[in-house]
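Following: one structure in structure tokens, then a few remarks.
In my numbering, the protein residues as written are 145 to 234.
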């Protein structure tokens, strides 16, 4: 599931013209994969190697999800719960 989300969000960000954010996400994913290969393999052995892939997908999704929510809030701001008070002419 996390791999599908990261692919969808990465393609959406690139399509909206924010390729740098997708590149940052790939960098985070790479660093998490290196961490998983070195440390998770040392701690958990084969299970750690198997967990390194999903761990890297989740770590790559974190900056992508934050950036996506931030950009979407700029394009589609949340409606206010109460209307603003009207200004008086006085």
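Where is the CB? At the ideal position from N, CA and C, for every residue including glycine.
On a predicted model such as this, the values are computed, not experimentally measured, just so you know.
Restricting to Cα atoms, I'd like to know which of the options is closest to residue i.
i           : options               : result
residue 211 : 176, 173, 162 and 151 : 162
residue 216 : 189, 156 and 176      : 156
Report buried or exposed for residue i, applying the criterion of at least 16 other Cβ atoms within 10 angstroms of its Cβ.
i           : result
residue 153 : buried
residue 173 : buried
residue 205 : buried
residue 165 : buried
residue 180 : buried
At the level of alpha carbons, what is the spacing between residue i and residue j?
i           : j           : result
residue 203 : residue 145 : 14 angstroms
residue 160 : residue 170 : 17 angstroms
residue 200 : residue 230 : 51 angstroms
residue 220 : residue 151 : 22 angstroms
residue 207 : residue 168 : 8 angstroms
By Cβ distance below 7 angstroms, which residues in the same chain neighbour residue i in space, the five residues on each side in sequence not counted?
i           : result
residue 198 : 146
Leaving out the 5 sequence neighbours to the left and right, which residues in its chain are closer than 6 angstroms to residue i when beta-carbon positions are compared?
i           : result
residue 193 : 185
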